[in-house]
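Structure first, commentary second.
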């Protein structure tokens, strides 16, 4: 069945008038909750889902990421001069495409794999985990470089999601630690950069966007970084790929994307939509907290792959990056976190 169009969202002007205050540009990830909430949402989405086993596997990965992030060791951070230089040049200070990765991320990868193995005794994924656990450092670094640079050639698609999971934990730790290291009176390490379509912290593309709730951000749309889970503000009804505000439409699977235990009344608005752009032919999903308080961009993106298929059949290319499931080429990379979605 074709995707259905839904009622238009508030315009940026209407949002600004109703909000009456300056919205926070950045929402940095929180160490205690970023992966824990993802795991919880994945398990919620898995109930009765055709991809149940895969979603539960990624939930186990998110649990391992949470444990890894909770005890991640100290790593080399960006110096003050480098942060100031990045700000002057309008580029992200922790750019995934150029940042010298600390060897601790590989240690983290192996810790993540060790945590997964006993949970996957009866899973076909166990063989991939075991092979990756024995892989050499040089091969792992080559795979990480291809993954972050959006290079699909010679990328091991079976191992890539596990390598991506460790990179996500590492970059999330980098962002949190860099922010925490700023002393009183020092300027923020992260802020607006010249390219609003990529993460201001690491330069990666978003996985999806999220319409938030709460006193500080009610009704505002944030893009969710595929790599470090930072969220940055971008007004609604604006293409996250070409920045056009014309020819923007919203497509959905109607009630098909509701979780099985959702008690929403019949006819309720869809939780996940694809924002399509006629100007450039790209799309990015948006998840709505006002329609389901438990939404999580990465989990809800994985749980709505049918929407990707239908929108792609209509001729649109995916702008968002899903590092935990690579299944084809997307845009040319724009910094880190490139590749497939």
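Residue numbers (the working numbering): 120 to 460.
Where a beta carbon is used, it is the ideal one built from N, C-alpha and C, also for glycine.
Nothing here was measured: the structure is a model prediction, and the numbers come from that model.
Handout entry: DSSP beta-bridge partners of residue 329
Key = 341, 406
Problem - Distance between residue 159 and residue 195 (C-alpha atoms, nearest Å) - result: 31 angstroms
Handout entry: Distance between residue 372 and residue 389 (C-alpha atoms, nearest Å)
Key = 7 angstroms
Practice task
List the residues that DSSP assigns as beta-bridge partners of residue 145.
Solution key: 351
Practice task
Output the boundary residues of the alpha helix (DSSP H) element that contains residue 268.
Solution key: 256 to 268
Handout entry: Closest residue to residue 320 among 262, 237, 216, 402 (Cα-Cα distance)
Key = 216
Problem - Which residues DSSP lists as bridging residue 437, in chain order - result: 402
Problem - Completely contained beta strand (DSSP E) runs for the stretch 194 to 243, where each covers 3 or more residues - result: none
Handout entry: the stretch 205 to 219 in contact with the stretch 169 to 183 per 3-pair CB rule at 8 angstroms
Key = no
Exercise for the section: Identify, in the order they occur along the chain, each residue of the same chain with its Cβ nearer than 6 angstroms to the Cβ of residue 381, setting aside the five sequence neighbours on each side. Expected result: Only weak support is given to the placement of residue 381: the predicted model assigns it a pLDDT of 44, under 50, and the value that follows is read from those uncertain coordinates. Within the same chain, residue 381 has no close Cβ partners at all.
Problem - Cβ separation of residue 329 and residue 406, assumed to be a contact under 8 angstroms, to the nearest whole Å - result: 5 angstroms
Problem - Same chain, Cβ closer than 7 angstroms to residue 265, five either side skipped, listed in chain order - result: 273, 274
Exercise for the section: Taking 8 angstroms as the threshold, find out whether the stretch 300 to 320 comes into contact with the stretch 404 to 420 through three or more Cβ pairs. Expected result: no
Handout entry: Residue interval of the alpha helix (DSSP H) (run including residue 303)
Key = Neither: residue 303 is in no alpha helix (DSSP H) and is coded neither H nor E.
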